[in-house]
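Residue numbers (the working numbering): 9 to 282.
In this text, a Cβ means the ideal position worked out from N, Cα and C, and glycines have one as well.
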Amino acid sequence: MHPSLAFASLVLPGLGQFLAGRRARGLAVFSVIALMLGLLWWATTPAEGFSEAVIAFKGDAGLWGWLAAPILIWAWNVWDAARPTAAPGWIPALIASAMFIVFGWQAAEINLGILTQNGDRVMLILRPMLQPDFLRPRAEEREAWVELIVPCPAEPPPNAVNTLDGITLELSAGCASVGQELTVTGSGLRPDTAAELIWQSPIGDFFPLRDPADPQQFRLIQPEADGRLTAAFTVPNAIPPGIDPNLPQEQRLYVRQSRPIGGWELSTNGGFVL
């Protein structure tokens, strides 16, 4: 036992360790306790100015209960200085981490209830993370597209029609506004393979349309036995920032069929990575 070193650390945290030659340890103990006390003092004083007023817990006197955290580390520091060998370092690390995490959690106003209140939106983010798009089953693909103008120009064009790769697509209008419902009809499709509806923006970006009944799923349409298809959809807002939304732009609706043929291949994202 080293009572003199223990007394030194009782007077000033880390001093006993510093005098014993464990200078880095002593400075670390002093810095952590000083930081915890400073944070506690700042959190319990009333907010000054708008930048601090937005911090919900600022000025809460109830936070003084956290004074127990630096006191416990102070007591550990006395015990550590008195021992001939170093005391377990995980004890102060755990105490300090708990305090910093709780204060940071409150400052960021993290609300775990959002996970249950907006479950659909959360799953739209989590599902791709749990199922990385790097590989995909090898497939034989067929697709066709039909072009329309969004929004409508002064003289609306006739209904949009296009034939590609033996597939004919026709829209119920040649132009539309964002949010307007249109109908696409098609022929020449494989009757045994579901078709996916994909939108192309004016700058060439592609994104699948989602099922209105289940936004977590992409929109898939099963053609009839004769290869015909009819589906209603809502024109999405695909106009990029910086482009006048009132300026008519050419956009496309793709109908794509993908039939697995066995094996695996790189997906589009996988190709970008490599």
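DSSP three-state label for Gly73, please.
Residue state, collapsed to three classes: helix.
Where Val40 sits in the DSSP three-state scheme:
helix
How is the beta strand (DSSP E) around Ala203 delimited, first residue to last?
Ala203 to Gln208 is the extent of the beta strand (DSSP E) around Ala203.
When you compare only the Cα positions, how much space is there between Ser180 and Ala233?
22 Å
Of the choices Ala36, Gly73, Arg146 and Pro92, whose alpha-carbon is the least far from that of Gly270?
Arg146
Relative to the alpha-carbon of Glu151, which residue among Pro165, Asn170 and Phe226 has its alpha-carbon at the smallest distance?
Asn170
What would DSSP say about Leu102, mapped onto helix, strand or coil?
helix
Minimum C-alpha distance to Asp68 - residue among Val86, Leu48 and Trp82
Closest option to Asp68, Cα to Cα, is Leu48.
When Leu75, Pro100 and Glu148 are compared against Trp87, the one with the closest alpha-carbon:
Pro100
Are the C-beta of Asp88 and some C-beta of chain C separated by less than 8 Å?
Looking for chain C here will not work: only one protein chain is present.
What did DSSP end up calling Ser12 once you bin it into helix, strand or coil?
The answer is helix: DSSP assigns Ser12 an H, G or I state.
Residue ranges of each beta strand (DSSP E) within the segment 149 to 174, 3 or longer
Here the runs fully enclosed are 169 to 172.
Using CA atoms only, rank isn't needed, just tell me which of Thr52, Gln230, Ala184 and Ala28 is closest to Arg198.
Gln230
The segment 188 to 204 in contact with the segment 220 to 229 per 3-pair CB rule at 8 Å
Contact between the segment 188 to 204 and the segment 220 to 229 is present, because at least three Cβ pairs lie under 8 Å.
Return the chain-ordered list of same chain residues with a C-beta closer than 8 Å to the C-beta of Phe30, the five sequence neighbours on each side being excluded.
It is Arg, not Phe, that sits at residue 30 in the sequence shown. Hits under 8 Å: Ala94.
Name the DSSP beta bridge partners of Arg108, please?
Arg is not the amino acid found at residue 108; the sequence shown has Phe there. In the DSSP output, where bridge partners are listed per residue, Phe108 has none listed.
Taking the alpha carbon of Trp311 as the point to measure from, which residue in Asp213, Phe111, Val263 and Ile211 has its own alpha carbon closest?
Residue 311 cannot be examined here, being either before or after the span of the chain that is shown, 9 to 282.
On the DSSP letters alone, give me the boundaries of the beta strand (DSSP E) that Gln259 sits inside.
Gln257 to Leu274
Below 8 Å, how does it come out for the segment 171 to 191 and the segment 209 to 220: are there three or more Cβ pairs, yes or no?
no
Would you call the CB atoms of Trp84 and Thr52 closer than 8 Å?
Annotated as distal: Trp84 and Thr52, with beta-carbon spacing of 8 Å or more.
Rounded to whole angstroms, what is the Cα-Cα separation between Leu177 and Pro248?
26 Å
Is it true that the CB of Ala90 sits closer than 8 Å to the CB of Pro21?
No, the Cβ-Cβ distance between Pro21 and Ala90 is not below 8 Å.
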